[in-house]
Structures are given as structure tokens and as C-alpha cells.
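Peer 1: Numbering-wise, the sequence shown is residues 1370 to 1488 according to the working numbering.
Supplied in C-alpha cells, the structure appears directly below.
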Amino acid sequence: MPLRGERGERGRKGRSGHNGVNGDNGVNGVNGDNGYYNREARGTVDGDAGDDHAIEVHLDRLLAERGMTLTELAHRVGVTHANLSILKNGHARAMRFTTLTRICEELDCQPGDLLGLRR
């Protein structure tokens, strides 16, 4: 999924004939991405949402506790540094479960350790 303002390749139609169903590359209109994705960054985060959600991300704390840099985590997880930075700074609108799973595996944490609900 692209960052807001970027346009990658057009998503392919989903396997079931629907656009973007079943988590395949047919991401036509899923999570507000208008059907475009950046091949290098697809399947990571859809960013720059501002403060229109109540989810807070504790990536800084988890990285500091583990002595790991954002760049190192990006390489281990297989996402771009830019997309992890969007997530870390709380500007992501969406994240695939596969990306969340890889981040949690690398940080040896649970999703609730990484994400919280702002009250």
C-alpha cells in the first residue's frame, strides 16, 4: 500500500473475483488505498493518517528495551525504514496482520505490547 500521495502499480483483481479479497495482491480500494500499491512496500502500512484514530504505537519503547534500531528491525521484518517510521510515529492508518506478526516475532512481544488504545 502506498503512502498518501504515492502511486505504485495498479492492484490485480482478487482470486475470488472481488477486488482485494483474501489478502492477495488485488488491493483495489482496500483500506482507502484506491487500488494502488508500491511494490517495494506493499503489505506493510498505509500511512499519514494524522490523529484520526485512538491507537498508540509503543515501537520506540520496545526498540529501546531490546537495543535494536528501527533500521535493523526494518531489515529483519522486510519492510522499508520509511514505512516503519510512519508506524512508529503514529501516522499509520492500517497494517497487515502478516506485518504485525513479523514485527512481534522479531521483537519477541505480543500485539498488545506494540499497540494500545489511547484513552
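For glycine and all other residues, C-beta sits at the position ideal for the given N, C-alpha and C.
If you pair each beta-carbon of the region 1437–1444 with each one of the region 1458–1466, do three or more pairs fall below 8 angstroms?
Peer 2: no
Peer 1: Note down, in chain order, each residue of its chain lying with its Cβ closer than 7 angstroms to the Cβ of L1484, except the 5 sequence neighbours on either side.
Peer 2: Cβ neighbours of L1484 within its own chain (closer than 7 angstroms, five residues either side excluded): I1424, V1426.
Peer 1: When DSSP labels each residue in this structure, what does N1443 get in the three-state scheme?
Peer 2: According to the sequence as given, residue 1443 is Ala; it is not Asn. Of the three classes helix, strand and coil, the one that applies to A1443 here is helix, per DSSP.
Peer 1: Between which two residues does the beta strand (DSSP E) holding G1459 run?
Peer 2: It is not in any beta strand (DSSP E) - G1459 carries neither H nor E in the DSSP assignment.
Peer 1: Along the chain, where does the beta strand (DSSP E) containing G1485 start, and where does it finish?
Peer 2: 1484–1486
Peer 1: When the Cα of T1470 is compared with those of D1429, M1437, V1448, L1486, which residue comes out closest?
Peer 2: V1448
Peer 1: Could you spell out the range, first to last residue, of the alpha helix (DSSP H) harbouring G1465?
Peer 2: The identity of residue 1465 in the sequence shown is Arg, whereas the question assumes Gly. From DSSP, R1465 is part of no alpha helix (DSSP H); its letter is neither H nor E.
Peer 1: Within 10 angstroms of the Cβ of L1428, are there 16 or more other Cβ atoms? Answer buried if so, exposed if not.
Peer 2: Classification of L1428: buried, given that the 10 Å Cβ count is 16 or more.
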